[in-house]
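A.B. asks: Going by my numbering, the first residue of the sequence shown is number 12, and it counts up by one from there.
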Amino acid sequence: DSVWAMAWDPRGFLWVGAGFGLFRLAEKGGVWSATAEYIPGWPKGPGQVFCVSVGADGGVWVAAVEGLGYWDGRAWQTLGKDQGLEDPVLMSVAALGPQSAWFSYRNIKVLSRAGLKDGHLAVLETYRDPHPLANNPITSLKLDSTGALWMGTSLGVKRWDGRQLERFGRDWGLPGEDCAQNALWIDPNGDAWAGLSVGIGHYHLAADPG
């Protein structure tokens, strides 16, 4: 089956999300082994996993067909439609921290933020179409070192710093504007890479005139 997501965990292993579940890959003596991760409350434990994001605080966020999962290093908590999600199938997630993350849906144009409220996972903030943050399907999410949120969408790449929203498209040099699923990466120097249906775009922070 397909591998949909990978995320390195500073505890020394690799999270892998696939079409048949979530796994931890660990290396010992030059040999890698995979252990299936069961998330309590999800019947398939999970099924398809589309994105995994590890926060600076060590929290692990999972976007899957069953909803949103969060692991604080000790136990899992989950969010589904019965707990406030607008659709059960998520597309992407980006750890915001501490104990908070942005996430997007696969089937609807909505951007939301989840976090702990009275110790329980909850939806804290939501933007819906036609709001500019959610007026296009969001296929990927990443945060840069300044805390700005980058979004791969069906109409280019967007960057939001909490005040100003910018959109990058063909006029900025992208070869196209249809961003691929979870194909967004931010380099430590602030450069961004976006995978598209027709190629790849590379944003050079040093060349941005502002």
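By construction, the Cβ of each residue, glycine as well, lies at the ideal position given by its N, Cα and C atoms.
In this text the structure is predicted, and so the values were computed from the model without any measurement.
#1: Would you check if the distance between the CB atom of W171 and the CB atom of L154 is smaller than 8 Å?
#2: Skipping 5 residues on each side, what residues in its chain have a beta carbon closer than 7 Å to that of V14?
#3: For the ligand FMN, any of its heavy atoms closer than 7 Å to the Cβ of K120?
#4: DSSP on Q94, reduced to helix/strand/coil?
#5: Rounding to the nearest angstrom, what Cα-Cα distance links D12 and D182 in this structure?
#6: Tell me which residue opens and which closes the beta strand (DSSP E) that Q192 is part of.
#7: Would you decide whether G212 is buried or exposed? Buried here means 16 or more other CB atoms lie within 10 Å of its CB.
#8: If you follow the beta strand (DSSP E) that G79 is part of, which residue opens it and which one closes it?
#9: Report yes or no: do the segment 33-41 and the segment 92-102 share at least 3 C-beta pairs separated by less than 8 Å?
#10: Please check the pair Q192 and S165, which I expect to be a contact at CB under 8 Å, by giving their CB distance rounded to whole angstroms.
C.D. replies: Result, derived from the coordinates:
#1: In terms of Cβ geometry, W171 and L154 do not form a close pair [threshold 8 Å].
#2: The answer, listed in chain order, is V27, A29.
#3: Annotation note on the ligand FMN: not contained in the displayed structure, which lists no ligands.
#4: Q94 carries a helical assignment under DSSP once its states are collapsed to helix, strand and coil.
#5: Answer to the nearest angstrom: the Cα atoms are 37 Å apart.
#6: Where Q192 is concerned, the enclosing beta strand (DSSP E) stretches over 190-197.
#7: Classified as buried, G212 has 16 or more neighbouring CB atoms from the shown chains inside 10 Å of its CB.
#8: Correcting the residue type first, residue 79 is Leu in the shown sequence and not Gly. Unbroken beta strand (DSSP E) run through L79: 78-82.
#9: Flag = no, the segment 33-41 and the segment 92-102 do not touch.
#10: Between Q192 and S165 the beta-carbon gap is near 11 Å, outside 8 Å, which marks them as no contact.
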